[in-house]
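Enquirer: Sending over a structure as structure tokens; questions will come in a sec.
Protein chains: 2
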Amino acid sequence: MENFIFQNPTKLIFGKGSIAKLNAEIPENAVIMMTYGGGSIKKNGVYQQVKEALKNRSLIEFGGIEANPHYETLMQAVTTAQKAGVTYLLAVGGGSVIDGTKFISCAVHYNGKNAWEILTDPAVSKKITPVKLATVLTLPATGSEMNNGAVITRAATNEKLAFHHPLIFPQFSILDPEVCYSLPQRQIANGIADTFAHVLEQYLTYPVNALVQDRFSEGILLTLTEIGVPLLNHHENYDLMSNFMFAATMGLNGIIAMGVPQDWATHMIGHELTAMHGLDHGVTLAIVFPALMEVMRDEKHEKLLQYGERVWGINSGNPELRIDKAIEHTRSFFESLGIKTHLRDYNIGQETINTIVERFTKRCWRLGERQSVSPEKVRDILNKAL
Amino acid sequence: MENFIFQNPTKLIFGKGSIAKLNAEIPENAVIMMTYGGGSIKKNGVYQQVKEALKNRSLIEFGGIEANPHYETLMQAVTTAQKAGVTYLLAVGGGSVIDGTKFISCAVHYNGKNAWEILTDPAVSKKITPVKLATVLTLPATGSEMNNGAVITRAATNEKLAFHHPLIFPQFSILDPEVCYSLPQRQIANGIADTFAHVLEQYLTYPVNALVQDRFSEGILLTLTEIGVPLLNHHENYDLMSNFMFAATMGLNGIIAMGVPQDWATHMIGHELTAMHGLDHGVTLAIVFPALMEVMRDEKHEKLLQYGERVWGINSGNPELRIDKAIEHTRSFFESLGIKTHLRDYNIGQETINTIVERFTKRCWRLGERQSVSPEKVRDILNKAL
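Residue numbers (numbering that gives the first Met the number 0), protein chains in the order written: chain A, 0 to 385; chain B, 0 to 385.
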């Protein structure tokens, strides 16, 4: 096991009816700004529940944060928050709203000329004291409700960048599985794929004898394979939805990452596909991961065998054939969720591949748990995904 | 899954050489009291490492905290801390030292006449602001390094009581597996049994469709069955010791407890055996658990079958026979660690059983995940353990 430091102070408030607990969790004198997305929370009743819980509080609103939240939109929210003297942010939504709100929380107290540097310059980010934030999660997927990371898109330049800050863990996150019943099929499928990929990024690397962490990761993956398709057929089944919601949070809150190497090449490549073509994040991961497994099969040999055996029950035969089967199962799983896993399914071809490889070359990016995914390997992966 | 609230702010600093990071973790102006046990830390070099790391700090010491820490000893530490104006406690040791230090942290600012009521009266405990504490763990077992519970013994009355306080999570805990190399065989065996029992207490109840939590618990149990005996034969194997240390912390930090019922009857019964006969805590759990599984086999039917299948690979045959086998495997596992699992092995008989049943009757205790373990059921369990 590798040396590690772990700390995650977020308070998780999980279960039916939890939104009613909101008021008691926010400091009495807070000036609250509630952030949300395109308005689905007004249709499914979450907006009304939050307003009811906070009816006696000082509360303003900022709606309209889009999927893959835009820097340009978020800077408007920053101005609104600054004018109103906001001291507490409450993100009501999925990963995009929460990620966007994490950026807002940093930018409110940023004093420079170009807040984009919060994402690009760790020295700038380090000096900032973010506004406290909390969340009411409406879409299980990104794990952002219990971690300190965020991904922001700059529409003007088609860039999508991730950042972390030690003080943007949500103070608390309310997870009520019932609010997810009305989610569209596509968002649930993407959320399952996203969660599955998050776990693979932290698990499918090389063995470091982290026995418990491996079992935890396999436990989440197994659960997703068990509940994935049933959940798509039964959105209003509390058992299925609560397990999905819990799995998504556990998939990216640092627990399975303790003491193990991490990959994240699939995410980095996927972000480009979203930035360039607007593909859903979960979809990009389902496209890239099977192809990456294929190209990186030698470096990931041992963990691919373990994954095949423990998650898919592939425990006999020639190792290379077992790996083939594990990759096939992975692709089939994504397809069973209704997600197409080839670039051609989205009319994406060589031109995009060339652009991505150029971008990574320019940024001198070498990805993966061994930094061995060079821009040319990225080309191989995307060619496999064609 | 049941509704739950989870929060665990402890910072985990894990790995070789981590004690050197101590100084940077404790606030600069702190008046530190380092607490420890019988002096083993002076033999294995941990004491020297801690002193070296804190050589320029304001630091006093309180040694001599015994196993199953005594209220009487801890009150001496409280007086020492009060006189010196201590503002930060650093527990260097195993569960007993850490539990004892948690009590000290509460009692330093207690203003009443009888500090024992911190353990017996939640209203008293609630009003206290504990002194901040942190730990350097030297014995994996109790999980106390990453939770907010403690168990204290009153020697004068042979009582052993547990308490919790929201503010006694360690600020940080340093876990360096190398400092455990010199542990005596008996303490490692007890630690493995203790961890195994902690997980069973949170897992072996009734199903609530908490799929990920079950997999997590099974992952820890499987890991312990894999590393237990090898570790006893190879104390200085980093892979084995680091996995044990990690498993012990994960076994009782709240993660596997999210949204599931909990038992703890074995612990409550075991505490009495320790209080009356001085038996090691881990030993009491290894005695009580197989007997409790036997007596409670109907109520725990489904989870016993799942446990047998996923932890011990028992997946065919008559359900009652499968449960018999699961219980046999559990007993054999404890015995393989060198721990005898019958009361007769320790010359304990009916007299003790009568006393324990009387005590539980007097306290009106009904134990277990369904509060169905009545004092008479406790008698059945202890008779099965004879």
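The beta carbon of each residue, even a glycine, is placed where N, CA and C say it ideally should be.
Remember, it's a predicted structure, so these values are computed and weren't measured experimentally.
#1: Across which residues does DSSP place Ser-172 (chain A) in a beta bridge pair?
#2: Taking Cβ-Cβ distances shorter than 9 Å, what residues in chain B pair up with Ser-241 (chain A)?
#3: Output the residue ranges of the alpha helix (DSSP H) runs that lie fully inside the region 156-226 of chain A and measure 4 residues or longer, sorted by chain position.
#4: Report yes or no: is there a C-beta of chain A within less than 8 Å of the C-beta of Leu-221 (chain B)?
#5: Pairs of beta-carbons, one from the region 98-113 of chain B and one from the region 176-194 of chain B, closer than 8 Å: are there three or more?
#6: Would Ser-371 (chain A) be called buried (16 or more neighbouring beta carbons within 10 Å of its own) or exposed?
#7: Below 8 Å CB to CB, which residues in the same chain sit around Met-390 (chain A) once its five sequence neighbours on both sides are set aside?
#8: By the criterion of Cβ-Cβ separation under 8 Å, what are the contact partners of Leu-11 (chain B) in chain A?
#9: Cutting at 6 Å between CB atoms, please list the residues of its own chain near Leu-220 (chain A), excluding the five before and the five after it.
#10: Taking only beta-carbon atoms, is Ala-246 (chain B) less than 8 Å away from chain A?
#11: Reducing DSSP to helix, strand and coil, say where Glu-298 (chain A) ends up.
#12: Identify which residue in A:Leu-231, A:Thr-119, A:Leu-174 has its Cα closest to the Cα of Ala-400 (chain A).
#13: Taking 7 Å as the limit between beta carbons, can you name the residues of its chain near Arg-321 (chain B), skipping five residues before and five after?
#14: Using 8 Å for Cβ pairs, my map puts Ile-338 (chain A) next to Ala-285 (chain A). What's the rounded Cβ distance?
#15: Have a look at Asn-110 (chain A) and Leu-11 (chain A) and give me their C-alpha separation to the nearest angstrom.
#16: Can you name the residues that DSSP bridges to Phe-386 (chain B)?
#17: Might you give, ordered along the chain, the residues of its own chain that have their beta carbon closer than 8 Å to the beta carbon of Thr-128 (chain B), omitting 5 neighbours on each side?
#18: Can a CB atom of chain A be found closer than 8 Å to the CB of Arg-296 (chain B)?
#19: Hey, how far is the Cα of Asn-236 (chain A) from the Cα of Asn-242 (chain A)?
#20: Can you check whether the CB of Ser-172 (chain B) is closer than 8 Å to the CB of Thr-134 (chain B)?
#21: Could you give the DSSP three-state label for Val-377 (chain B): helix, strand or coil?
#22: At a Cβ threshold of 8 Å, is Asp-238 (chain B) touching chain A?
#23: Based on DSSP bridge pairs, tell me the residues matched to Thr-360 (chain B).
#24: Going along chain E, which residues have a C-beta under 7 Å from Ile-254 (chain B)?
#25: Could you tell me the distance, in whole angstroms, from the CA atom of Tyr-123 (chain A) to the CA atom of Ala-161 (chain A)?
#26: How big is the Cα-Cα spacing for His-341 (chain B) and Met-267 (chain B)?
#27: Can you pull the DSSP bridge partners for Arg-153 (chain B)?
#28: Using a threshold of 7 Å, is the CB atom of Leu-21 (chain A) nearer than that to any non-hydrogen atom of the ligand MG?
#29: So with CB distances below 9 Å, who are the chain B contacts of Lys-15 (chain A)?
#30: Which class does Ile-347 (chain A) belong to by DSSP, given the choice of helix, strand or coil?
#31: Which residue marks the beginning of the alpha helix (DSSP H) containing Ile-268 (chain A), and which one marks its end?
#32: Using Cβ-Cβ distances below 7 Å, what residues of the region 183-215 of chain A are close to chain B?
#33: Please list the partners that Gly-218 (chain A) has in chain B, where partner means a Cβ-to-Cβ separation under 7 Å.
#34: Along the chain, where does the beta strand (DSSP E) that runs through Glu-60 (chain A) open and close?
#35: What residue from B:Leu-118, B:Lys-15, B:Asn-147 has the CA that sits closest to Lys-131 (chain B)'s CA?
#36: I'd like the span of the beta strand (DSSP E) that includes Gly-92 (chain A), first residue to last.
Expert: Answer, in terms of the structure:
#1: Answer is A:Leu-11, A:Thr-134.
#2: Within chain B, the residues near Ser-241 (chain A) are Met-0, Asn-208, Ala-209, Gly-258.
#3: Correct list: 184-202.
#4: Cβ-Cβ to chain A under 8 Å: yes for Leu-221 (chain B).
#5: They do not touch, by the three-pair rule.
#6: The residue in question, Ser-371 (chain A), is exposed, as its Cβ has fewer than 16 Cβ neighbours within 10 Å.
#7: The requested residue 390 (chain A) is not part of the displayed model; chain A covers only 0 to 385.
#8: Residues of chain A whose Cβ lies closer than 8 Å to the Cβ of Leu-11 (chain B) are, in chain order, Phe-3, Ile-4, Phe-5, Gln-6, Met-257.
#9: So the qualifying residues of the chain are Val-198, Val-310.
#10: For Ala-246 (chain B), at least one C-beta of chain A is nearer than 8 Å to its own C-beta.
#11: Coil, per DSSP.
#12: Because chain A in this structure spans residues 0 to 385, residue 400 (chain A) falls outside the shown range and cannot be described.
#13: Taken in chain order, the residues that qualify are Leu-304, Gly-307, Ile-313.
#14: The C-beta distance from Ile-338 (chain A) to Ala-285 (chain A) rounds to 5 Å, short enough to meet the 8 Å contact threshold.
#15: Between the C-alpha atoms of Asn-110 (chain A) and Leu-11 (chain A) there is a straight-line separation of about 32 Å.
#16: Since the first and last residues shown for chain B are 0 and 385, residue 386 (chain B) lies out of range.
#17: So the list reads His-108, Leu-166, once near-sequence residues are dropped.
#18: Not an interface residue.
#19: Looking at the two C-alpha atoms, the distance is approximately 10 Å.
#20: A distance below 8 Å separates the beta carbons of Thr-134 (chain B) and Ser-172 (chain B).
#21: Residue state, collapsed to three classes: helix.
#22: Yes, its Cβ sits closer than 8 Å to a Cβ of chain A.
#23: Beta-bridge pairing links Thr-360 (chain B) to no other residue.
#24: The chain inventory of the structure shown lacks chain E, comprising the protein chains A and B.
#25: For the sequence presented, residue 123 (chain A) should be read as Val rather than Tyr. Taking the straight line from one Cα to the other gives about 15 Å.
#26: Cα-Cα distance, rounded: 17 Å.
#27: When DSSP reads this structure, Arg-153 (chain B) sits in a beta bridge with B:Glu-158.
#28: The ligand MG is not part of this structure, which contains no ligands at all.
#29: Neighbours of Lys-15 (chain A) on chain B, chain order: Asn-2.
#30: Ile-347 (chain A) falls in the coil class under three-state DSSP.
#31: Looking at the DSSP string, the run of the alpha helix (DSSP H) that includes Ile-268 (chain A) is 264-276.
#32: Listed in sequence order: Asn-208, Leu-210, Val-211, Arg-214, Phe-215.
#33: Those are Val-211, Arg-214, Phe-215, Gly-218, listed as they occur along chain B.
#34: Here the beta strand (DSSP E) through Glu-60 (chain A) covers 58-61.
#35: Of the listed residues, the one whose Cα sits closest to Lys-131 (chain B) is B:Asn-147.
#36: Element bounds for Gly-92 (chain A): 87-92.
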